Amino acid sequence: MAERPNLVWILVDGMRARPSRRHAARDPLPFLKMLEPDSVRFTNAFTSAPSTLMSVSAMMTGMHAYQLGRTFADFSFDPDKIRSLPQVLSERGYLVHQAAWYPYTRDRLRSVLPSIPRKHWSSGSRYREDWSNDQIIDAIERTLADDARSPRFLFAHLNMYSGQETEAQVQRLLWILRNVLTNSVLVVCSDHGFPVPPDDRPIAEWRAELDHHGHDLVLSSENIRIPLLIRSPGCVPRSIDCPVSSIDLAVSLVDLLSLDPDAQLSSQSRGRNIAHLVRGGPASAEDSQRYLRTDNRYFLQPGRLTSIVKYPWKLVLHHDDESTELENIGDRKSLAASARTKNAVAAELRAELDRSTEELDAIHVKSMLTSVLADRRMRRLRGKSVAIVDRSGWRSIEPLRALLEAAGVECRAVYSVPPDQGASAEGERQALVDTLALCDALIDVGSKSGVRVTTRLAAHVGVPCIRLDPSLARGASDWVRAVRRARMAMAAYQADPRIAFEDLRLFASDRELRRRLLSRVAGRLSRAGTVTSVSAELH
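Taking the working numbering, the leading residue of the sequence shown gets 12, the next gets one more, and so forth.
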């Protein structure tokens, strides 16, 4: 029986797929050219998310990053619910180890990608601190020297420092792995690319702004297109132009490693098997004309953008205001297009984006309701009535209503309350108060955990509770926004001051500021005659 191949995966954080004219610091490194003669190079590979945690977790599961959490704080990787590539390989006798430079990724993925044993860490390495590339490579070298067993899955997540320094470190890693690579499937890629400064902006000014807001918000082609090389036994080296997604990797590697037919990923996996392309097969029309989705945020977060690519076109949707941007990201020959063509393309891409969003939202709803419907308070509501208040800006509330009604809970009304506007339109305010007074509970969509069931506080209150949850607020400006939100909500419900604002969650990095402003909010609620149960959390 032939020895099973290893899997070696080298990910260089934030490396672009193509050179840029104005900002070479993140351009593709020379070692990629060195590997090309023996590898399959995908020239139009796109990430599921321009964020490291979202991107890597999507690669390991074949699921869109958008599916894996409702907020960054809510993100969890439960191997009992989500089957991943490392889990499949571990069950088949693979040694699974990861060495990642970024502690957040290292920590959040530890349940499926265990870190290299501590005894092999280089001197000075700390679990919750950044690791240098040299520390990562030292740990890998010690692990291989101590335990040469096969097969193994080794995931190395390197940081992109200066090009020359990182190039030398990758070359050193490849030399250390030379014996392992003789019988391995090798994957080399990035988690995301990196934005390019506009021609009319000074680079220093652009970089300062990018550092402040974060590259992970940007859905430019330079930030979502990634380098991708795959080398495996029996591969046919070449360049492939048809578009592929990072979520294709998990299911394709199961095939390339020749695992048994029972080696299945999660049923929610949306990746396409591209192993036939690695082995030299032709690209079908379906391969070339597929839609590729990228999200910069999770399900219930504000400031969310989604891009959908049908090469060479890319449409970006700003969820907060429903605005869109259409861009041709192909070669120069394909850039010219009539306004009529652009309108038709934009309509097609928007329709597909809406379709996939509705599908993924339904998955989130079912996930949220698994726990909500099991809640003892919810069980008592079967056969009774509730109102739904949506504060998330979520457009697909109907699946929630359908599932609640299927569980025997009557949905008396649904109100959309934009996060920064407190209550709905003027004409609906009194109707909302009247409806809540007649309902047995309020279903609140948009809280940190996604959905909450809020029943009556006590008999003397006599009305449901209203929850405010300005989640993910980190600084003074977010505190001011939280106070404003509470004030607007009080004004909206002044017809019945007994409405309770329970569990007002406020987040900030400054403890003294948190204490002072929490006192302000609690005081305002108290003076309004509102029954309050106020808590504060440090995020």
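We put the beta carbon where it would ideally sit given N, CA and C, even for glycine.
Nothing here was measured: the structure is a model prediction, and the numbers come from that model.
Cβ shell of residue i (< 7 Å), same chain only, five flanking positions each side left out
i, result
"residue 63", "24, 113, 116 and 202"
"residue 279", "74, 78 and 374"
"residue 206", "221, 226, 229, 231, 233 and 234"
"residue 357", "326, 335 and 337"
"residue 48", "248"
"residue 290", "245, 246 and 247"
"residue 66", "58, 59, 60, 76, 202, 203 and 257"
"residue 133", "146, 149 and 150"
"residue 364", "317, 319, 326 and 328"
Cβ neighbour criterion (16 or more within 10 Å) applied to residue i
i, result
"residue 21", "buried"
"residue 69", "buried"
"residue 238", "buried"
"residue 215", "exposed"
"residue 330", "buried"
"residue 352", "exposed"
"residue 398", "buried"
"residue 32", "exposed"
"residue 282", "buried"
Coil, strand or helix - residue i by DSSP
i, result
"residue 60", "coil"
"residue 44", "helix"
"residue 14", "coil"
"residue 109", "strand"
"residue 325", "strand"
"residue 263", "helix"
"residue 375", "helix"
"residue 268", "coil"
"residue 333", "coil"
"residue 364", "helix"
"residue 440", "Any reading at residue 440 is ruled out, since the residue's pLDDT is 49, under 50, leaving its predicted position unreliable."
"residue 351", "helix"
"residue 82", "coil"
"residue 504", "Note that residue 504 scores 44 on pLDDT, short of 50, meaning its location in the model is unreliable; the coordinates nonetheless yield the value given after this. Of the three classes helix, strand and coil, the one that applies to residue 504 here is coil, per DSSP."
"residue 285", "coil"
"residue 169", "strand"
"residue 420", "coil"
"residue 36", "helix"
"residue 340", "coil"
"residue 76", "helix"
"residue 413", "helix"
"residue 398", "strand"
"residue 255", "strand"
"residue 31", "coil"
"residue 356", "helix"
Assumed close pair residue i, residue j - CB separation to whole angstroms, cut-off 8 Å
i, j, result
"residue 162", "residue 124", "In fact, because the Cβ distance is near 16 Å, the residues do not count as touching under 8 Å."
"residue 95", "residue 71", "5 Å"
"residue 187", "residue 51", "In fact, because the Cβ distance is near 24 Å, the residues do not count as touching under 8 Å."
"residue 319", "residue 360", "5 Å"
"residue 230", "residue 326", "Contact doesn't hold; Cβ gap of about 10 Å is too wide."
"residue 243", "residue 196", "4 Å"
"residue 57", "residue 303", "5 Å"
"residue 194", "residue 17", "6 Å"
"residue 339", "residue 324", "6 Å"
"residue 19", "residue 181", "Not really, about 12 Å apart at Cβ, beyond 8 Å."
"residue 341", "residue 322", "7 Å"
"residue 42", "residue 178", "6 Å"
8 Å CB neighbourhood of residue i in its chain, flanking five on each side removed
i, result
"residue 174", "35, 36, 38 and 40"
"residue 183", "148"
"residue 88", "68, 79, 95, 119, 120, 122 and 123"
"residue 271", "103"
"residue 218", "208"
"residue 585", "Given that the chain is displayed from residue 12 to residue 550, the structure contains no residue 585 and the question cannot be resolved."
"residue 141", "112, 113, 114 and 170"
Own chain, CB closer than 6 Å to residue i, minus 5 neighbours either side, in chain order
i, result
"residue 131", "150, 153 and 154"
"residue 285", "255, 259 and 263"
"residue 54", "250 and 252"
"residue 415", "422"
"residue 266", "284 and 286"
"residue 165", "19 and 108"
"residue 29", "none"
Cutoff 8 Å: residue i Cβ touching any chain B Cβ
i, result
"residue 176", "This model lacks chain B altogether, as it is built from one protein chain only."
Cβ-heavy atom distance, residue i to the ligand GDP, below 7 Å
i, result
"residue 208", "With respect to the ligand GDP, the structure shown offers nothing to examine, as it has no ligands at all."
Handout entry: 3 or more residues per run - each beta strand (DSSP E) lying fully within the region 171-236
Key = Along the length of the region 171-236, whole beta strand (DSSP E) runs at least 3 residues long occupy 195-200, reported in chain order.
Problem - 4-residue-minimum alpha helix (DSSP H) runs that sit fully inside the region 288-322, ordered along the chain - result: Correct list: 296-299.
Problem - 3-residue-minimum beta strand (DSSP E) runs that sit fully inside the region 85-165, ordered along the chain - result: Given a length threshold of 3 residues, each whole run of the beta strand (DSSP E) inside the region 85-165 is given here in chain order: 106-111.
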